[in-house]
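**Q**
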Amino acid sequence: MSAADNPLPTLVSMRGIVKRFGANIVLRNVDFEVRAGEVHALLGENGAGKSTLMKVLLGIHAPDEGTILVRGEPLASISTRARLEAGVAMIFQELSLVPAMSVADNLFLGREPLLFGGRIDRRRIRREAVELIAGQGFALDPDALIEDLPFAARQQVEILKALSRGASVIVMDEPTSSLTVREEEVLHTTIAQLRGAGIGIVYISHRMSEIFRVADRLSIIKDGQIQGPFATEQITIPEVSRLMARSAAVVVMKPKARREPGEIVLEVVDLGTARKLRDVGLALRAGEIVG
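Each position in the sequence shown, counted from 1, maps to that position plus 9 in this note's numbering.
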């Protein structure tokens, strides 16, 4: 069954969204929706309007025209808090976790359960953190410090925070930009688990290969107008690139003049780090560019 025939309910529906900043119209009559259990990718060049559309969804910006429905009900308030309470959350590139605190403490930061006398109920925090982690099947230690976790695990903590607040739609903004290849696999597994739990995901990325790997549908914003949605099995990467491009300008490359590089001015030998790099070597010579 194709994504276009998906019978699952629509979680969020944005209809006729218009957003102006002064005389500049950033969004022009945009329709966008997210269904339960799907990954809907949102693509577009820088400045096309992706971020503005998501900020409208999250209540950071108020639309000048249009409506937003969550589970078929219009949102009465434009505040960010109202969006969170309605079940819409976003995982930003810069995570909002406290590095020196544990996983469990981060999950309930700012809304800690209290005992009689106003003391924080630490046992309840840990118990509910264990239940949250187990419910999603994540390999997280509730007592681990955030600063000791790899980035993909920190993303899982952010996702759990959103789910603990009742999120049914999660926006992921360039989620693989800071991940290693191994951590990307963890994220893809996480996304599959969320999809299986009926969570709707808006996936923003410039990496075409991962879009076609994780997304069920994709929509393209170009000059404030949206194209799509398209089922990913019914469109190709070259077609998406053509729809995103603002012009078909031809760039004529001049042949480079051949020149002999000079002496070595920078050399790296057997560079390694504790986690990622092993035996890296690099030499840069005077008068050359190394990509």
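All C-beta atoms, glycine included, are put in the ideal place defined by N, C-alpha and C.
Going by other Cβ atoms of all chains shown within 10 Å of its Cβ, with 16 needed for buried, is L20 buried or exposed?
**A** L20 should be labelled buried.
**Q** Which class does I200 belong to by DSSP, given the choice of helix, strand or coil?
**A** Correct three-state label for I200: helix.
**Q** What residue range does the alpha helix (DSSP H) around T245 cover?
**A** Where T245 is concerned, there is no enclosing alpha helix (DSSP H), given that its DSSP letter is neither H nor E.
**Q** Does the distance from the C-beta atom of E193 to that of T185 stay below 8 Å?
**A** Cβ distance < 8 Å, so E193 and T185 count as in contact.
**Q** By DSSP, does V21 sit in helix, in strand, or in coil?
**A** Strand, per DSSP.
**Q** Please say whether I229 and L252 have beta carbons closer to each other than 8 Å?
**A** Contact flag set, yes.
**Q** What does DSSP give as the partner residues of F294 in its beta bridges?
**A** The sequence as given places Arg at residue 294; Phe does not occur at that position. In the DSSP output, where bridge partners are listed per residue, R294 has I273.
**Q** Which of the three DSSP states is assigned to L286 in this structure?
**A** Looking at L286 - three-state DSSP - the assignment turns out to be coil, as it is neither helix nor strand.
**Q** Output the distance between the C-alpha atoms of E272 and V278, rounded to the nearest integer angstrom.
**A** Those two C-alpha atoms are separated by around 16 Å.
**Q** Terminal residues of the continuous beta strand (DSSP E) containing G127?
**A** Counting along the chain, G127 falls outside any beta strand (DSSP E), and DSSP gives it neither H nor E.
**Q** If you follow the alpha helix (DSSP H) that T89 is in, where does it begin and where does it stop?
**A** Counting along the chain, the alpha helix (DSSP H) containing T89 begins and ends at 89-95.
**Q** Residues in its own chain within less than 8 Å of V27 by CB, not counting five upstream and five downstream?
**A** I34, L36, R37, N38, V39, P72, D73, E74, G75.
**Q** Below 8 Å, how does it come out for the segment 77-84 and the segment 128-138: are there three or more Cβ pairs, yes or no?
**A** The segment 77-84, when compared against the segment 128-138, does not touch it at the 8 Å Cβ threshold.
**Q** Who are L36's beta bridge partners in DSSP?
**A** BP columns for L36 point to K28.
**Q** Determine whether the beta carbon atoms of L141 and S173 lie at a separation below 8 Å.
**A** Yes, these two residues count as a Cβ contact at 8 Å.
**Q** Counting beta carbon pairs with one atom in the segment 162-176 and one in the segment 105-125, are three or more of them shorter than 8 Å?
**A** Enough Cβ pairs lie closer than 8 Å, so yes.
**Q** Contact check, A176 vs A57 under 8 Å by CB: the rounded distance?
**A** With 8 Å as the limit, A176 and A57 do not qualify as a contact, their Cβ atoms being about 26 Å apart.
**Q** Just to confirm, is the Cβ distance from D182 to I100 under 8 Å?
**A** Taking 8 Å as the Cβ cut-off, D182 and I100 qualify as a contacting pair.
**Q** Going by C-alpha to C-alpha distance, which of A153, A113, R120, D157 sits closest to V139?
**A** V139 has its Cα closest to that of A113, out of A153, A113, R120, D157.
**Q** Which residues mark the beginning and the end of the alpha helix (DSSP H) in which V79 is found?
**A** That residue, V79, is in no alpha helix (DSSP H); its beta strand (DSSP E) goes 74-79.
**Q** Nearest by alpha-carbon distance to L17: which of L66, V48, S88, M23 is it?
**A** Cα-wise, what sits closest to L17 is V48.
**Q** How big is the Cα-Cα spacing for V190 and K59?
**A** Cα-Cα distance, rounded: 26 Å.
**Q** So what's E82 in DSSP terms, helix, strand or just coil?
**A** The answer is strand: DSSP assigns E82 an E or B state.
**Q** Would you list the residues sitting across from L52 in a DSSP beta bridge?
**A** Answer is I229, bridged to L52.
**Q** Buried or exposed, going by whether 16 or more other CB atoms sit within 10 Å of the CB of V274?
**A** V274 comes out exposed.
**Q** Specify, as a first and last residue, the run of the beta strand (DSSP E) that I220 falls within.
**A** That residue, I220, is in no beta strand (DSSP E); its alpha helix (DSSP H) goes 217-223.
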